[in-house]
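Okay, structure first, notes after.
In our numbering, the protein residues as written are 24 to 295.
Have a look at this one:
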């Protein structure tokens, strides 16, 4: 019954209904004529009355359709104008994905029919993006939390997943993180990690440090600007090591929240 939610569709339905009645009426009159059940004078009067009713009804219906079309167009323009009022809430990069979904749920409940469909479509898109982000997070976690050191191919796969995740953030205008760590090495003991650290400080950045996460000592370079800068460091690591090292990017907040420095081990300890 959703087809009859606007008056334009109702008018069109009525118009087609009257056309159908006219056709059926003409068929019925032809039937009576061929069967000679009516006198010609009575048939002529019936036809005249029938034509008058159909023409009058058709004119009124067409007029109603045209009027409703203009009203429908005006309503669409008003709904588009109303949508602009809520656009800042959709594009506000200070909000997270859940905030955007809550807004969609609210608008679907209170918006007029035409505008409601737009919010439903937007909510469907957000749900799809959220599912993709969850899948990416699971795949990345499986790579970085495995007991063995990730292979070069696994690191490349991780970086491709990160690029895909960042593309979703950009598409939704989300700025969920601006602090990254570029991981350039992982070692079981702090000794080899110190060698990695020297390379990082001499060739890449003096801000390089060792972060212990689980049983691994990882040499990382903090990046507090944006993802593109972190990617530039990944490329620089490959260039300076002549392709022997493949770095990857992690979010500081999700990978190592609230790290504390250990004077005993001379490195940062991840508490997450």
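Beta carbons: idealized from backbone N, C-alpha and C, even for Gly. Every value quoted in this text rests on a predicted model; they were computed, and no experiment measured them.
CB of residue i within 8 Å of CB of residue j, strictly
| i | j | result |
| --- | --- | --- |
| residue 234 | residue 203 | no |
| residue 254 | residue 261 | no |
| residue 208 | residue 242 | yes |
| residue 131 | residue 206 | no |
| residue 149 | residue 123 | yes |
| residue 291 | residue 282 | yes |
| residue 213 | residue 240 | yes |
Three-state secondary structure assigned by DSSP to residue i
| i | result |
| --- | --- |
| residue 164 | helix |
| residue 243 | strand |
| residue 116 | Because the pLDDT of residue 116 is 49, which lies under 50, any placement of that residue in the model is unreliable, and the number read from its coordinates should be weighed accordingly. Reduced to three states, the DSSP call for residue 116 is coil. |
| residue 226 | helix |
| residue 172 | coil |
| residue 279 | coil |
| residue 287 | coil |
| residue 5 | This structure gives no information on residue 5, because the portion of the chain shown stretches from 24 to 295. |
Inter-residue CB distance, residue i and residue j (contact presumed, cutoff 8 Å)
| i | j | result |
| --- | --- | --- |
| residue 195 | residue 152 | 6 Å |
| residue 36 | residue 81 | 14 Å between Cβ atoms; not a contact. |
| residue 177 | residue 166 | 5 Å |
Cα-Cα separation between residue i and residue j, rounded to whole angstroms
| i | j | result |
| --- | --- | --- |
| residue 210 | residue 190 | 31 Å |
| residue 185 | residue 86 | 58 Å |
| residue 161 | residue 133 | 36 Å |
| residue 116 | residue 258 | The pLDDT assigned to residue 116 is 49, lower than 50, so where the model puts this residue is not dependable; a value taken from the coordinates is nonetheless given after this. When rounded, the distance between both Cα atoms is 28 Å. |
| residue 289 | residue 279 | 17 Å |
| residue 222 | residue 266 | 14 Å |
| residue 197 | residue 39 | 49 Å |
| residue 201 | residue 138 | 34 Å |
Open item on the list: I'd like to know if the region 226-233 and the region 178-198 are in contact, where contact means that at least 3 CB-CB pairs between them fall below 8 Å.
Closed with: Judged by Cβ distances under 8 Å, the region 226-233 makes no contact with the region 178-198, as fewer than three pairs qualify.
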